[in-house]
Amino acid sequence: GLSAFIIERETPGFTVGNTLPKIGIRGSKSVELILEDVKVPHSNILGEEGKGFYVAMDCYDHGRIEIAAQGVGIGQAAIESASKYITQRKAFGQTIMDFQGPQFMLAEAIAELQASRLLTYWAASLRDQGKDYVSSAAIAKMYATEAAERASLTAIKLCGSAGVATEYPMERYLRDSQITKIYEGTNDIQRVTLGRLLHKETKNALGL
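Going by my numbering, the sequence shown runs without a break in its numbering and finishes at 280.
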């Protein structure tokens, strides 16, 4: 089977290539890693020999909890920024926040973000307790990152032209939210994972 290795930065044949420009999450650099005839000692094996796939999957599983938390933060920042803007921006003699429509939009976003936060805490708690958290991490990652996208879109809609202006942060949150739906396994992968787990549980319950 596959094996995971630690490759030291000074290893001959290993070089760091170009930085890849991204639409969002620019505070975290993404670069090309180039390996040409790289040799590493047996002592650099990460985990057990032949178990590299499981090492990678474990990284994905707990990483999904972190990405879910990231989604919660992005969504919350978007709503907070929009709320401050529309509380000061006036139209037809009152602030935009005074209108019922924007209040409804904010309420929906806040409810989704709170649900996302609780799903993330749930997955993290299971992991801390050493319990099976694969499905809960997939649920949290899928839901929280899509809630972040919806919250960011809501923020842009509430702020109108200011929402798409780079002078304000709302458009950045939308860009950031797109990446959270992709890494640590796309959200469609989370759906596949959950579907397979449900299928397995149902077959076990039926004794099949």
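Ideal Cβ placement from N, Cα and C applies to all residues, glycine included.
Check	Outcome
Spatial neighbours of Thr-217 in its chain, beta-carbon cut-off 6 Å, leaving aside the 5 residues before and after	Gly-143, Thr-252 and Lys-253
Three-state secondary structure (DSSP) of Glu-104	strand
Exposure label - Val-110; buried when at least 16 CB within 10 Å	exposed
Heavy atom of the ligand ADP within 6 Å of Lys-272 beta-carbon	Absent from the structure shown: the ligand ADP. Ligands present: none.
As assigned by DSSP and simplified to three states, the class of Phe-86	strand
Residue closest to Leu-266, alpha-carbon to alpha-carbon, out of Thr-159, Ala-141, Ser-102 and Tyr-215	Tyr-215
Residue burial classification, Ala-279 (beta-carbon count within 10 angstroms, cutoff 16)	The sequence shown places Gly at residue 279, rather than the Ala named in the question. With fewer than 16 other Cβ atoms within 10 Å, it is exposed.
Check whether Gly-135 and Ser-75 have beta carbons under 7 Å apart	no
Lys-213 and Ala-140 closer than 7 Å at C-beta	yes
Candidates Ile-261, Glu-273 and Asn-276: closest to Met-129 by CA position	Ile-261
Beta carbon of Lys-224 nearer than 7 Å to that of Ser-188	According to the sequence as given, residue 224 is Ser; it is not Lys. Cβ distance not < 7 Å, so Ser-224 and Ser-188 don't count as in contact.
Bridge partner(s) assigned by DSSP for Phe-77	Ile-117
C-alpha gap between Arg-98 and Lys-275, whole angstroms	44 Å
Unbroken alpha helix (DSSP H) run spanning Ser-153, endpoints	124-160
Per-residue DSSP class, three states only, for Ala-237	coil
Cβ pair Ala-196, Ile-137 closer than 7 Å	yes
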